[in-house]
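Worksheet: one structure, shown below.
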Amino acid sequence: MHHICFLLCSEESNQIQLVTIRELFRFADRTDSILLTLAVIGSIIYGIIIPAQFILFGKMINDFVAYIINENYDLSDRLPDLEASTTRTAGFYVMLAVGNLVFAWLGMGLFALSAERQVHKMRLAMFQSAIYKNIGWFEMFSVGELNTRFTEEMKIILDGIGSNFSSIISSVVCFGAGYLIGLILCWDLTLILLATFPLMMLCGIVMTKMSGIYTNKELKAYAKAGKIAEQSISSIKTVVAFGGEHHQVKLYDENLIDASKYAIKKAVSLGLGMGGFQLILYADYALSVWYIIKLARETETTPGDALAVFFAVTMGSMILGQTAATCFEALASARGAAFVVFQTIDQKSEIDASSSAGKKLENISGALEFCHVNFAYPRRPAFEVLKEFNLKIPSGKCVALVGESGCGKTTIGKLLQRFYDTDRGSVLLDHQNIKDLNVSHLRRHIGVVNQEPVLFSTTIAENIAFGREGVTQHEIEKAAKIANAHDFIIRFPKGYETLCGERGTQMSGGQKQRIAIARALVRNPKILLLDEATSALDSESEAAVQEAIRKAGQGRTMIIIAHRLSTIRNADIIAVISEGHVVEIGTHEELLVLDGLYSSFVKLQANYDDDVEEDGSSFDDEQFFHITDNGARKLTSLVSTIDGSQAKTLLVFDHVDNIKPISFTKILKWNAQEWNVLVLGCIGAALYGSYPFLYGIAFGGVLHTMRYNSRIEEESESMDHDSKHWAVFFFLIGVESGLGIFLQNWCFSSAGEALTKRLRKAAFSAFLRQDMAYFDSPENGTGVVCSRLATEVSSIQGATGPQLGLFVSSMVTIIGGLIVAFAASWKLTLTMMAFIPIVIIAITLINYFLGANDCGKAADCYAKVIEESFANIETIASFNRESERFVKYHEAAAAMHRKARKSSHYVGVITGTIMAIINLSFAVSFRVGGYLVTEHEVTLKDMMKSIFTIVLSAIVIGQVISITPEYSKAKRAASRLFNLLERVPFIDSCSNDGKKPNHCHGNLSLSNVIFRYPTRRDYKVLRNFDLSVQSGQTVALVGTSGCGKTTLMSLIARFYDVTVGRVIVDGNDIKDLNLKWLRSQIAIVSQEPVLFDMTIRDNIAYPDSTGNITDKEVIKAARLANIHEYIITLPKERIKTV
């Protein structure tokens, strides 16, 4: 993490742009076209079935009403055959159940399947486009932002073109079919029902708009928090070395506060919108009920036709209104996300390594020339790095670039590789402007070793082979021998198959650089570009590597950027750069005669050099690299003497498969602080849960009113009275259920966001608390950890407040519904309860299949490939390995796609199953009800009260089923998270235990130390190591790369504990000292220094967050580090963000 760049323009000032719906499906191929055609047909038929079934319902109601009226007046000759009618109706409902199941799956399932296929192709196209972008493009985005594009934005598109799109089609069709039925059967009632539809739409649109605004702000706040997490985890050693855990958590928490505020505002707007929608809907019901009874009194309109119109129109309006609140929002979000994604895919890079355009020189000699080059980085256009830079490099010569930090040496290498184009001037290769050459062809002839070499999370052999496609094992070993890497590689138990770890964390600095040199040499380049390539090597290794490079460089052009005199003194040409241009040029001897900048540089270095040659022969490699066959067994035996829980922490990493599930109450305890809000939310849930049986009571009363004969004045007056009574009753249902919805959304969201914020902060703190061994595991890489913070914690919210609300509302619905239903007709109720086992079986099967197809591990691997690719884009571009990274990405994306494709059908199956169960329950209940009515065991009022109460209760249970997968996902995420929170590392930086001496004198000793890294237990890094350092002494650690020098620093800072032996500070074993206190006494400058995304001042003062460190102290430190003069040349001096 070096120069973290941000987009300069303000995105908030730009209006969100959307693609057309047609463009949204641009990745649909012929197979998708077939799937989509079938899905559209299924969605249309499913949309027609919903309102059409009420025609059947209306005819049955007419038969019931006619039967009761004629029976009341002893008109037995006019009695319809009610049992035959209900039998026929039951048969039609069974057919509808099959139709709903088939066409819901056909519509939603195939849309979801096609969406998975299309989004998979989008992912591949976007990665392929992004990986070939010029380096300047990557300055605009952090790795976290790019990861978001490949995960969150793709998920948004998937939601928009999947089952939600099917719901949009079916809801529009349902709305149109419902109103068409209404206009045919009773146009005046239809117009009355239509009067409130604009209000429903307005409510849905306003709710969607407000939700979209707050969602956008919430996501931006979470993105900032995610950026802090990514920087912290990827630089964990720097964070813990400076005791910056609390500081990073504080920064993270500050961004979570803003995100929580926006999320709560979004929930309030959703609650108001949905509550208002419920109120308008039931106000419409109230007006309709009054008018239906009025029609029955004053016209020849039959009750069945009126009720058929009522249900068909209101169902169409309700479904479309609900879709407007959710599915249309998902579609709009998908169109916005697609604009960003497609823009990335379609944007052509000015420097495109995938393009076949440009010349391809047959014989490259390697002659280079920089002519009047001026250049400023796109991120800082006002600050010119190179000014009228001129340099001519003859073919086959070795040129060393010398100058102070920031003078432009590394920039020259980037221009040569054409990561950027010059602002003015030109770079020539064999007298050809490199802008006219094919980019891939140009880079193929350049071998690069950077100052901070990048190794990928794979084997040593594959890292070396990264230099050239098709390289053999013999060529790999030959390059490793030239780079003086072969000897240490074969000492590893797995040799060339040893894993390097994320970003090469399993290798020492010197080992990393020698592997990187081997990677460059295996390329067999015409031009070698070495940017501080030997800075981490000991003198013996450097001499060997320099000699090997000189031999390999025969006939090749070499550009060396270095500060060591031993590295540059034998160069053919030495160019001294200052303020962006060459000020001195010549050989080592010639420049010394000039007595200029180069001479000053040599003299300054001599002051720090005691001229003592380092003799590596005194080091016995075997004492540092002793490997035994039973090493792992010995370590296990040793650790077994420690407390069992500690041994587990030291040796065992988290495996998701072994994590035990946790209870709902344990999760809820984390929400205990918001108990009053949760109680209020439960009251709201109870209010909402009561509407099904209240609806059943009201509808039974309306049908009871229909049995009156309007021609009899007394009964007509009763009908008039009942119409007003039930209209008010329906309106009150709307008030109480609307209030319940609002309270649920507001309260549970407030409590849920408080929980999410609390858990995110706790999880982030827990990650930072872990010891280094935890992060050495491939399972806990930066991308995986950040992905878990972003997804798992937010998933848990669905397992607390909303789950509690669903439980309360379901219990109220079920208990209240059963009381009402049993009071009306216990026989009919028991009959309908036979469907409960079907519901239970459906829930079990859904949970089983969704659990079996969880994308968790595949998604982690996917995120890891993205993070590794874009974090190391310069290395990938240097070696023309974009295609290789695309193959790895393709494999990770395909694994996730296979999992997701299997579960894509479940939404349609779930919806179809719920509707099928409702249809079957209608079939059975109407048939049994018809029998009970003819046997005078139940009235029409009680029959309908029982049926509609149970059916609406079943719908509520169905809604619970539909969110069961989310709850199951939340429980799995909670199990993983709480396992992390309860994981106490053996080296605990958050512990307050241990001694805190008043003073630290700095006496240090290591006694009989044996050490193995936890991830490589069969490889002994230190063996019987002894060292004693007195206070005030300066000690230099010298040895071959990989001998354990950096490991010693890690042991002193207690990143790891010694396997055997002791590390003692001022007479105290560091294990007995408080870890925070210990690290506060140590200052570390690592081989690969990390700068955070903050100002230069804050980086120097890190992790000071209290303002205790003054500007004067910061400037003093900068002067001592010889960086102050450079800082003040920057446009914003010390406040510039790095």
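Taking my numbering, I'd label the letters of the sequence shown as residues 1 to 1138. Just so it is clear, CB atoms sit at the ideal spot from N, CA and C, and this is done for glycine as well.
- When 832, 222 and 932 are compared, the shortest CA-CA separation from residue 86 is found for 932.
- Membership of residue 682 in the alpha helix (DSSP H) is indicated by the continuous run 675–689.
- Within the same chain, 1101 come within 7 Å of residue 1109 by CB-CB distance, once the 5 residues on both sides are set aside.
- In the DSSP assignment, residue 1082 falls outside any beta strand (DSSP E) and carries neither an H nor an E.
- When DSSP states are grouped into helix, strand and coil, residue 469 belongs to the coil group.
- Across the set 60, 685, 182 and 531, the C-alpha of 60 shows the shortest separation from the C-alpha of residue 923.
- Of the residues 338, 190 and 242, the one whose Cα lies closest to the Cα of residue 311 is 190.
- Contact between residue 560 and residue 597 does not hold, since their C-beta atoms are separated by about 17 Å, which reaches or exceeds 8 Å.
- Under a 10 Å Cβ-count criterion, residue 772 is classified as buried, with 16 or more other Cβ atoms of the shown protein chains found around its own Cβ.
- Here the alpha carbons of residue 388 and residue 375 stand approximately 9 Å from one another.
- The beta-bridge partner set that DSSP reports for residue 1098 is empty.
- At the C-beta level, residue 457 and residue 817 stay beyond 8 Å of one another.
- As DSSP reads the structure, residue 481 sits in no beta bridge.
- For residue 371, the enclosing beta strand (DSSP E) begins and ends at 368–376.
- Residue 581 carries a strand assignment under DSSP once its states are collapsed to helix, strand and coil.
- Residue 426 carries a strand assignment under DSSP once its states are collapsed to helix, strand and coil.
- Taking the Cα positions, residue 185 is about 23 Å away from residue 200.
- According to the DSSP secondary-structure assignment, residue 392 is paired through a beta bridge with 369.
- In the displayed model, residue 278 falls within a helix according to three-state DSSP.
- With respect to residue 897, residue 116 sits close: the two C-beta atoms are nearer than 8 Å.
- Excluding sequence positions up to five before and after residue 592, its CB lies within less than 8 Å of the CB of 598, 599 and 602, all in the same chain and listed in chain order.
- In this structure the region 807–825 touches the region 941–952; the number of beta carbon pairs closer than 8 Å is three or more.
- For residue 1029, the enclosing beta strand (DSSP E) has its first and last residue at 1020–1029.
- Proximity to residue 683 across 811, 437 and 927 peaks at 811, based on C-alpha coordinates.
- Around the beta carbon of residue 705, a 10 Å sphere encloses 16 or more other beta carbons of the protein chains shown; the residue is thus reported as buried.
- In this structure, residue 556 lies near residue 527, with their beta-carbon atoms less than 8 Å apart.
- Within the same chain, 447, 448, 449, 467 and 528 come within 7 Å of residue 520 by CB-CB distance, once the 5 residues on both sides are set aside.
- Between the C-alpha atoms of residue 1011 and residue 1054 there is a straight-line separation of about 12 Å.
- Secondary structure of residue 520 (DSSP, three-state): helix.
- Pairing residue 110 with residue 915, the inter-Cα distance amounts to about 18 Å.
- The shortest C-alpha to C-alpha distance from residue 437 to any of 383, 367, 359 and 51 is the one to 359.
- A straight-line Cα-Cα distance of about 11 Å links residue 58 and residue 89.
- Our two residues, residue 1123 and residue 391, have alpha carbons roughly 27 Å apart in a direct line.
- Taking 8 Å as the upper bound for CB-CB distance, residue 1086 and residue 238 are in contact here, some 7 Å apart.
- Counting along the chain, residue 1058 sits inside no alpha helix (DSSP H), nor does DSSP assign it H or E at all.
- Here the alpha carbon of residue 944 sits roughly 16 Å from the alpha carbon of residue 691.
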